[in-house]
Amino acid sequence: MSRGVEVNLDNVWIRFGDFVAVREANVSIKGGEFFSFLGPSGCGKTTILRAVSGFLEPSEGTVKIGGRDMAGIGPNKRPTALIFQNLALFPLMKVWENITFSLEVQGFSKVDRRKRADELLEMIALPDQGDKLPSELSGGQKQRVAIARALCAEPDVLLLDEPLSALDLKLRQHMRTELREIQQRVGITFIYITHDQGEALTMSDNVAVMRAGVIDQIADGQTVYDDPATPFVASFVGENNVFRGTVKSIDGEFAIVDTNRSGELAARIATSAKSNLKVGDAAMMFVRPEACNIAPDDAPGKNRLTAMVKHEEFEGQIYNVFLEGSEGKEIKMSLVNIGQNRQSAEGKDLTLEYAPEHAVVLPAGELASE
Amino acid sequence: MRSEGYLLKIFLVVYLLVFFGYLLGPLIVMSITAFNSPSFPKMTPWECLTFEWFDVLANDTRILNGIKNSLIIGVGTVILSVILGLAGALMLTQIWPKMRATYYTIVIAPILIPGVVLGISTLVFWDRINVMLGFETDSFLNNGIFLTILGQSTFIASYCMLVFIARLQRFDTGLTEAALDLGATNVQAFRKILLPFMKPAIGSAAVLAFLASFENYNTTTFTFGKFPTLTIELAQKVRYGINPSISSLAFIIIVLTVIGALAHEIYIRRQQLALANGAPVKAVANGFKLPRIFQGNPAAIILVLLALGGFSTIWFAQVYSPQECILDVREQKRILQQQKIDEIRQQRLQQQQQKKLQGPDIFGSDKKAPSGSGSAPQSPGKGAFGDIFAPKNLEKTAPDSQQDSKPKNPGKGAFGDIFAPKNLDKTGPQENTTD
Amino acid sequence: MSAVQILRNFFEKNGIGLGTFLLVAVFIWVVILIILPQLSMLDFSFRHHLPPPEMGGPKDTYTIEHYKYLVLGAPGADTSYNVVDLGVFGRTLIAAVFVTILDLILCYPLAYYLGQSKGGGFIRVLVLLLIIPYWINEILRAFAFRIIFGDSGLINEVLLTFGLINDPIDFIRANVALYAGLGYAYILLMIFPIYNVIESLDRNQIEAARDMGAPWWRIHWRVVIPYAKPGISSGCTMVFMLSAGALAAPQILGGPSSLWFTQIIYQWFNQGGNWPRGAAFAIVLLLTCIIIVLSMMRLFKVKIGDIGK
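Structure below.
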């Protein structure tokens with residue numbers, strides 16, 4: 006019963022006075038898709054969501070839902086439902102009244118509304134809680150009520166504005182799975198806003214990574230992680246060791262970067278940079294901590310680094326090893342704990358190696374500041 | 040260090056005592072005077088416990104009429120100023136930022152403008168409008184109730200607005216957006232989300248407006264026209280002669296205020312309790328368990344004590360009659376006075392006797408003596424009144440009946456009745472002679 | 004943004020019905036109840052005192068005679084200035100300042116105590132006790148002071164009984180009753196603004212200052228008072244304005260020799276029957292108060308937005 010409809014942003018600009026909140030956004034979201042906007046706070050992702058839900062009109066460009074231009078259509082007339090960051094449950098209404106508010110404004114009778122509320126309460130596994138006030142529910146319960154309230158309006162598109170940010174870690178992880186399940190069950194389009202890459206990657210079919218009003222990359226989670234389109238995406242999504250330098254040579258899929266502090270290193274050229282990366286360009290090379298390993302010998306190579314271990318952290322499933330390379334270059338390496346009973350190597354020099362296909366070269370650019 | 044701490048504590052206690060003495064003392068003193076019998080409100084000397092001033096109050100038509108006018112004006116002012124205040128507060132959240140400071144200054148100004156100025160400007164403005172429109176001087180534009188409501192609402196609306204702003208600051212505009220997002224129209228979102236949220240504030244603004252209207256003097260004194268409010272009547276009374284019936288009114292108002300304040304306190308306390316326990320408010324409200332409510336709720340205890348005190352007072356007032364005491368006090372005063380008179384008399388008598396012995400004036404003064412103060416022996420066993428009035432009566436009625444009122448009945452008016460026996464003593468023989 | 008666009012946005016946001024209601028209500032309040040009456044009073048104060056039939060006639064021209072009267076007195080008077088009215092005016096302002104200072108001194112410690120204590124039953128009772136007198140009629144409150152300070156009032160009777168004095172002290176003539184009554188009337192308006200601000204002061208700041216060895220007066224001078232400044236000036240502004248504009252208390256508690264300026268205005272309206280002159284005097288009172296308050300706010304760097312919080 007896929008009722009999902011596609012959502013299209015065509016060349017959308019949103020300005021507040023002189024400030025450009027969203028710059029030339031082109032997004033097409035397929036019907037029934039779980040789509041996330043991922044970015045740090047203030048990057049304009051919530052602004053995009055408000056443009057979709059109708060709380061503000063784009064300064065330029067069009068928002069289409071189900072192929073229909075939404076210009077001039079208010080939020081109460083759009084086939085969207087929004088779950089607010091703070092949930093915005095009506096504090097003075099009972100849970101069931103909250104859930105069926107959309108029916109109330111359409112003039113449905115109390116009996117009908119109550120019936121529908123009970124169905125939805127059943128669905129979110131909160132039966133018999135309908136007569137409580139929102140303030141009497143726990144955080145996770147409120148979360149589910151907010152979802153039920155949005156679904157009760159039978160929207161074609163459900164918009165979620167960081168709805169899990171107020172929950173504690175355990176609950177957040179639990180709700181991720183639950184949200185994903187609900188989405189698959191109702192089959193409508195979900196547009197999800199978050200600054201938490203874990204949420205975006207686990208739940209979404211596709212992710213748009215945003216930076217300062219600009220969408221840097223739209224792709225599925227795996228691609229965003231493994232083949233970032235910009236240095237920002239590379240550094241924002243997951244952890245990465247960054248090596249700045251210039252491109253020394255290009256050999257098909259691979260390039261060798263002459264890094265400022267760590268010598269020459271080889272890496273795969275990111276898909277987005279294949280056509281325009283030239284020898285001599287300023288470049289950045291990214292190696293993920295988990296892509297690094299301890300080399301079996303000390304022989305030098307284009308995929309090897311030597312560094313001294315500053316300290317180690319044991320995190321359970323992994324060891325984090327923090328190293329200092331030449332000229333104080335900080336490097337992080339993560340080793341999977343497979344019961345090898347590691348001896349601490351603090352203070353020792355190590356040679357690291359990585360597979361060049363697991364490292365990425367991009368033209369130099371802005372990094373995520375964390 | 041330690042002695043300093045003690046010193047500070049003592050200072051604090053003294054300061055609190057002085058402060059609240061200043062704050063509450065006048066009200067307590069005034070309340071007490073309502074039960075004291077002297078006709079000028081005073082606490083000392085204490086004479087008699089009396090409830091007659093409440094009677095006097097209940098029969099004061101001007102006060103009652105004032106209360107009626109105050110109620111009418113109060114209701115009008117509440118309606119008008121709550122509406123204006125609410126609109127003003129909502130507008131403040133929407134007006135574009137450049138105008139906001141100016142707008143706020145204008146709508147907050149009525150609080151700072153002296154009340155007399157508001158009263159005068161309202162009076163002058165509507166009088167001019169009236170003249171411009173060519174209405175009669177007694178048109179509704181010059182009606183005291185109309186003018187007073189407008190004049191009072193001008194600044195009471197500002198008070199209401201402040202209440203609303205305080206509440207609005209806690210409003211999550213996301214709620215309105217959520218309602219719109221769920222398909223509500225603007226009006227629906229306003230009616231179903233914002234208005235219910237504002238309801239407590241509307242209630243307190245209404246109470247505030249009513250009380251402010253009820254006690255307003257400065258503005259009303261220029262605008263009331265032919266409809267003096269209670270406060271105006273009170274001011275007239277206080278300025279031109281006072282009696283404790285005003286104290287009794289004050290007492291009633293104080294008691295009502297205290298009850299209202301305590302009831303409100305209990306209500307708030309109960310909600311807090313409910314929230315603290317994590318239980319729904321309704322559960323606490325339904326399970327009306329006395330001990331639980333009284334726990335840590337001094338207001339409730341005081342309120343119950345107050346109610347008990349009030350009932351017992353009313354019961355006492357029904358049973359108790361201050362008449363005896365008042366007579367007693369009067370009697371004491373009379374005796375005191377009598378003693379003084381007697382003393383003076385004694386002195387005079389002594390002087391006269393001395394003169395009698397001394398000089399030839401004896402007869403003149405002797406004749407005066409019985410007609411003046413020396414008549415007491417003539418009517419023994421009479422009250423003080425009789426003593427005082429009898430001699431004069433004798434002097435005046437006797438010649439009257441002698442000269443021109445012979446056919447008149449001896450017992451015509453009240454005076455005649457009362458003093459008839461004495462009259463008879465002297466007029467009797469004369470009547471006989473004429474017959 | 005053009006005005007039309009703003010208006011369109013406004014109606015879009017509120018809907019036609021609610022938007023219209025808001026605009027109409029605010030218009031009535033701001034224009035018809037606040038601005039126009041003040042302007043009309045200003046206009047009226049520049050008119051001659053005429054019997055109603057001549058109003059709007061040829062004699063109805065603008066004049067500054069009423070303002071002249073306030074400054075110079077009646078034409079042909081003995082003195083070159085209107086000593087009586089100006090004296091009353093000055094005395095009123097000084098007395099209002101005095102009452103304001105009195106209230107500030109009286110209220111600051113309590114506001115601080117209430118604001119910094121952690122709440123609890125005792126504090127709530129105190130707050131309740133503070134509020135209750137405020138809801139008693141202004142006239143009655145003044146009346147209470149007359150009972151206390153009158154010739155045969157409580158204080159005199161007590162003093163006489165204990166033989167401390169031989170003749171009753173005339174508190175009314177000495178204006179003691181008036182100051183006490185006025186100060187009393189506006190206590191709440193002083194306490195609550197200060198209390199509200201101090202309540203939001205982080206207790207750690209005081210602790211920190213104490214920790215660094217500051218004596219209590221320095222803590223107040225350097226930490227609490229600067230922080231509470233908006234509340235203090237808001238309270239002072241309200242108390243000053245209201246006591247300068249008070250009418251009931253001076254009428255009831257004022258001595259026979261000391262008039263309040265509002266009483267003169269009252270007399271021009273109700274007994275003298277010269278409305279334009281009363282209006283002129285009211286304008287002078289209003290403007291003077293505004294100027295004093297604005298300059299005070301400028302002096303203490305407080306914004307109007309802080310008033311009424």
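Protein chains in written order, with my numbering: chain A, 6 to 375; chain B, 40 to 474; chain C, 4 to 312.
In this text, a Cβ means the ideal position worked out from N, Cα and C, and glycines have one as well.
Quantities reported herein were computed from a predicted structural model and do not represent experimental measurements.
What whole-angstrom Cβ distance do residue i and residue j have, given they're in contact under 8 Å?
{"i": "I129 (chain A)", "j": "A158 (chain A)", "result": "Between A158 (chain A) and I129 (chain A) the Cβ distance is about 15 Å, and since that is not below 8 Å, they are no contact."}
{"i": "D166 (chain A)", "j": "Q90 (chain A)", "result": "5 Å"}
{"i": "T199 (chain A)", "j": "E38 (chain A)", "result": "Not confirmed; about 16 Å, so no contact."}
{"i": "G201 (chain C)", "j": "V226 (chain C)", "result": "Going by the sequence as given, residue 201 (chain C) is Ile instead of Gly. Going by Cβ atoms, the distance from I201 (chain C) to V226 (chain C) rounds to 11 Å, so no, they are not a contact pair."}
{"i": "H51 (chain C)", "j": "P253 (chain C)", "result": "29 Å between Cβ atoms; not a contact."}
{"i": "M69 (chain B)", "j": "F174 (chain C)", "result": "So it is not a contact: roughly 16 Å between Cβ atoms."}
{"i": "I220 (chain A)", "j": "A93 (chain A)", "result": "About 27 Å separates the two Cβ atoms, so there is no contact after all."}
{"i": "L129 (chain B)", "j": "L25 (chain C)", "result": "6 Å"}
{"i": "V277 (chain B)", "j": "I255 (chain C)", "result": "5 Å"}
Going by beta-carbon coordinates alone, are residue i and residue j separated by less than 9 Å?
{"i": "A282 (chain C)", "j": "L36 (chain C)", "result": "no"}
{"i": "R41 (chain A)", "j": "M180 (chain A)", "result": "Here residue 41 (chain A) turns out to be Ser, not Arg, going by the sequence shown. No; because the gap between Cβ atoms is not below 9 Å, this pair is not in contact."}
{"i": "F13 (chain C)", "j": "Q133 (chain B)", "result": "yes"}
{"i": "Y137 (chain C)", "j": "L191 (chain C)", "result": "yes"}
{"i": "A86 (chain A)", "j": "P160 (chain A)", "result": "yes"}
{"i": "A114 (chain C)", "j": "Y187 (chain C)", "result": "no"}
{"i": "A271 (chain A)", "j": "F291 (chain A)", "result": "no"}
{"i": "E351 (chain A)", "j": "N308 (chain A)", "result": "no"}
{"i": "M241 (chain C)", "j": "M193 (chain C)", "result": "yes"}
{"i": "P132 (chain A)", "j": "F236 (chain B)", "result": "no"}
{"i": "E65 (chain A)", "j": "V17 (chain A)", "result": "yes"}
{"i": "A251 (chain C)", "j": "Y256 (chain B)", "result": "yes"}
{"i": "S287 (chain B)", "j": "W92 (chain B)", "result": "yes"}
{"i": "L269 (chain B)", "j": "N108 (chain B)", "result": "yes"}
{"i": "I19 (chain A)", "j": "V10 (chain A)", "result": "no"}
{"i": "S267 (chain A)", "j": "L310 (chain A)", "result": "yes"}
{"i": "V202 (chain B)", "j": "L247 (chain B)", "result": "yes"}
{"i": "V435 (chain A)", "j": "L156 (chain A)", "result": "Chain A is shown from 6 up to 375; residue 435 (chain A) falls before or after that span and cannot be answered."}
{"i": "I272 (chain C)", "j": "F261 (chain B)", "result": "Just to set this straight, residue 272 (chain C) is Phe in the shown sequence, not Ile. For F272 (chain C) and F261 (chain B), yes; Cβs fall inside 9 Å."}
Using DSSP's beta-bridge definition, name the partner residues of residue i.
{"i": "Y65 (chain C)", "result": "C:R50"}
{"i": "F40 (chain A)", "result": "A:I196 and A:N211"}
{"i": "E335 (chain A)", "result": "A:E329"}
{"i": "D354 (chain A)", "result": "A:M313"}
{"i": "A86 (chain A)", "result": "A:L163"}
{"i": "I34 (chain A)", "result": "A:V12"}
{"i": "A69 (chain A)", "result": "For clarity, residue 69 (chain A) is Lys in the given sequence; the question names Ala instead. A:N13 and A:D74."}
{"i": "V242 (chain A)", "result": "Answer is none; V242 (chain A) lacks a bridge partner."}
{"i": "V27 (chain A)", "result": "A:I19"}
Evaluate contact between the stretch 185-197 of chain B and the stretch 56-63 of chain A, counting only Cβ atoms and requiring at least three cross-stretch pairs below 8 Å. With a cut-off of 8 Å on Cβ pairs, the stretch 185-197 of chain B is not in contact with the stretch 56-63 of chain A, counting fewer than three such pairs.
Give a yes or no on contact between the stretch 287-306 of chain B and the stretch 115-134 of chain B, applying the rule of three or more CB pairs nearer than 8 Å. Touching, no.
Check whether the stretch 159-179 of chain C and the stretch 101-114 of chain C touch, using three or more Cβ-Cβ pairs below 8 Å as the test. Taking 8 Å as the limit for Cβ pairs, the verdict is that the stretch 101-114 of chain C does not touch the stretch 159-179 of chain C.
In chain order, which beta strand (DSSP E) runs of at least 3 residues are fully inside the stretch 245-329 of chain A? DSSP runs (the beta strand (DSSP E)) wholly in the stretch 245-329 of chain A: 246-256, 259-264, 268-274, 287-292, 297-299, 309-319 and 323-329.
Ordered list of beta strand (DSSP E) runs contained in the stretch 159-239 of chain A, each at least 3 residues: Here the runs fully enclosed are 162-166, 194-199, 211-216 and 219-224.
Pairs of beta-carbons, one from the stretch 262-270 of chain C and one from the stretch 283-300 of chain C, closer than 8 Å: are there three or more? Cβ pair count under 8 Å is three or more, so yes.
Any contact of the stretch 242-253 of chain B with the stretch 149-156 of chain B, i.e. 3+ C-beta pairs under 8 Å? As far as the Cβ criterion goes, the stretch 242-253 of chain B does not touch the stretch 149-156 of chain B, which means the pair count is below three.
Pairs of beta-carbons, one from the stretch 264-283 of chain A and one from the stretch 223-242 of chain A, closer than 8 Å: are there three or more? Contact holds: three or more Cβ-Cβ distances are below 8 Å.
Does the stretch 285-300 of chain A come into contact with the stretch 237-249 of chain A, if we say contact requires no fewer than three beta-carbon pairs (one atom in each stretch) closer than 8 Å? Yes, the stretch 285-300 of chain A touches the stretch 237-249 of chain A.
Counting only runs of 4+ residues fully inside the stretch 71-152 of chain A, write out the alpha helix (DSSP H) ranges in chain order. The alpha helix (DSSP H) runs of length 4 or more contained entirely in the stretch 71-152 of chain A are, from start to end of the chain, 100-104, 106-110 and 115-128.
With contact counted as at least three CB pairs below 8 Å, one residue from each stretch, are the stretch 285-302 of chain C and the stretch 231-241 of chain C in contact? Taking 8 Å as the limit for Cβ pairs, the verdict is that the stretch 231-241 of chain C does touch the stretch 285-302 of chain C.
At 3 residues or longer, what runs of the beta strand (DSSP E) sit wholly inside the stretch 220-277 of chain B? Runs of the beta strand (DSSP E) inside the stretch 220-277 of chain B: none found.
Flag this pair as touching only if the stretch 9-25 of chain C and the stretch 128-144 of chain B have three or more C-beta atom pairs under 8 Å; answer yes or no. Three or more beta-carbon pairs drawn from the stretch 9-25 of chain C and the stretch 128-144 of chain B are found closer than 8 Å, and the two stretches are therefore classed as touching.
I want to know whether the stretch 164-171 of chain B touches the stretch 123-131 of chain B - three or more CB-CB distances under 8 Å. With a cut-off of 8 Å, the stretch 123-131 of chain B and the stretch 164-171 of chain B do not count as touching, because too few Cβ pairs lie within range.
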